[in-house]
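Engineer: Its first residue numbered 1, the sequence shown is counted upward by one per residue in UniProt numbering. No residue lacks a Cβ here, since even glycine has one placed at the ideal position from N, Cα and C. Quick one: structure below, then a few questions.
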Amino acid sequence: MDVNRNYQSRASTTPITPKTPMSEQMNLEYDERPYLIVDLRDKDEFRANHIVSAHHYPAAMLSRCSNNESRELLLYKNHKGKIIVLYDEDERIAPQAATVMMERGYNNIFLLSGGLKYAVQKFSRGLLTGTCPQSWTVPSTSRTSSAKSKRPQSTGSTRQEAPVGQSLASTIQPARGPMITFDAREQFTQNDIEDLNQQLEKILLPQDNSSRLSRPLTSVSKQSSRMSVASERSNLSSASEKPWKP
């Protein structure tokens with residue numbers, strides 16, 4: 001009897017670990033947000049720029065051990081109504097990371113089609129935070145045509161020798177070109193959502209407004225327009241309708 005009393009006395013005086021502001025904020029974000037956007041790039045690349053509200057989890061972490069998932073990943077893992085969207089810069093490492101996570105039991109993994117560069121080309125406003133090259137916001141066709149129109153110029157520089165033990169290629173840093181800086185924020189604002197919706201409507205709606213207004217669409221043209229919009233929506237969506245399959 002005394003033992004039980006002593007145990008109850010000690011239990012009543014044991015302090016309860018309070019919830020930290022970070023944990024409370026994480027739980028609030030989980031309740032309000034049905035998705036978790038995961039940036040798989042290196043730390044320096046993530047610090048330079050990333051999608052607003054993205055969670056950083058470098059792909060290299062997947063190759064170290066099988067039980068090192070972050071708390072955010074575990075919160076969203078296989079939960080009903082929740083999805084995990086993976087992305088990298090150009091969709092080179094994300095598919096392999098998605099395959100590894102599927103093998104570890106994740107069944108709600110999705111990929112950002114085309115990677116971050118492609119997403120910024122389509123949505124140059126409201127999506128990114130940080131700084132990125134201006135070339136990211138220009139469609140690839142425009143970059144190709146402008147590159148062809150430029151003639152190579154001779155630098156006239158003398159032969160450069162690399163330091164001992166270092167290749168010459170490693171000493172040459174590529175030109176970054178003009179940069180674009182976006183507002184620093186970690187949550188989407190109302191202006192961001194409006195900008196994204198406007199850009200999405202501009203992409204999905206037919207471009208030939210004059211012809212659309214001057215004559216009614218026939219049943220064939222209506223069906224073709226719906227198929228075109230559906231195809232474009234599939235290409236531009238941040239995640240496909242079905243989870244990732246290796």
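By Cβ distance, which residues of its chain are closer than 8 angstroms to proline 34, with the 5 residues on each side in sequence left out?
Structural biologist: Gly81, Lys82 and Ile83, listed in sequence order.
Engineer: Rounded to a whole number of angstroms, what is the C-alpha to C-alpha distance between tyrosine 118 and cysteine 132?
Structural biologist: The alpha-carbon atoms of tyrosine 118 and cysteine 132 are separated by roughly 13 angstroms.
Engineer: Contact check, glutamate 69 vs leucine 36 under 8 angstroms by CB: the rounded distance?
Structural biologist: Actually they do not touch by this definition, with Cβ atoms about 12 angstroms apart.
Engineer: Applying the criterion that 16 or more other CB atoms from any shown protein chain within 10 Å of the CB defines a buried residue, is threonine 129 buried or exposed?
Structural biologist: Threonine 129 is buried by the Cβ-count criterion.
Engineer: For the region 94–102 against the region 44–62, do three or more pairs of beta-carbon atoms, one drawn from each stretch, fall closer than 8 angstroms, so that the two count as touching?
Structural biologist: These segments touch.
Engineer: How long is the line joining the alpha carbons of threonine 189 and leucine 111, rounded to whole angstroms?
Structural biologist: Approximately 23 angstroms between the Cα atoms of the pair.
Engineer: Inspect the beta-carbon positions of isoleucine 180 and glutamine 134 and report whether they are closer than 7 angstroms.
Structural biologist: Yes, they are a contact pair.
Engineer: Which residue from Gln199, Asp88, Asn107 and Ala48 puts its Cα closest to that of serine 124?
Structural biologist: Looking at the Cα atoms, Gln199 is the closest of the given residues.
Engineer: Starting from the C-beta of aspartate 88, find all residues in its chain whose C-beta is less than 6 angstroms away, skip the five residues before and the five after it, and write them out in chain order.
Structural biologist: These residues qualify, in order along the chain: Leu40, Arg41, Ala94 and Gly115.
Engineer: Let me know the secondary structure DSSP gives aspartate 52 once reduced to three states.
Structural biologist: Correcting the residue type first, residue 52 is valine in the shown sequence and not aspartate. Looking at valine 52 - three-state DSSP - the assignment turns out to be coil, as it is neither helix nor strand.
Engineer: Which class does glycine 115 belong to by DSSP, given the choice of helix, strand or coil?
Structural biologist: Glycine 115 falls in the helix class under three-state DSSP.
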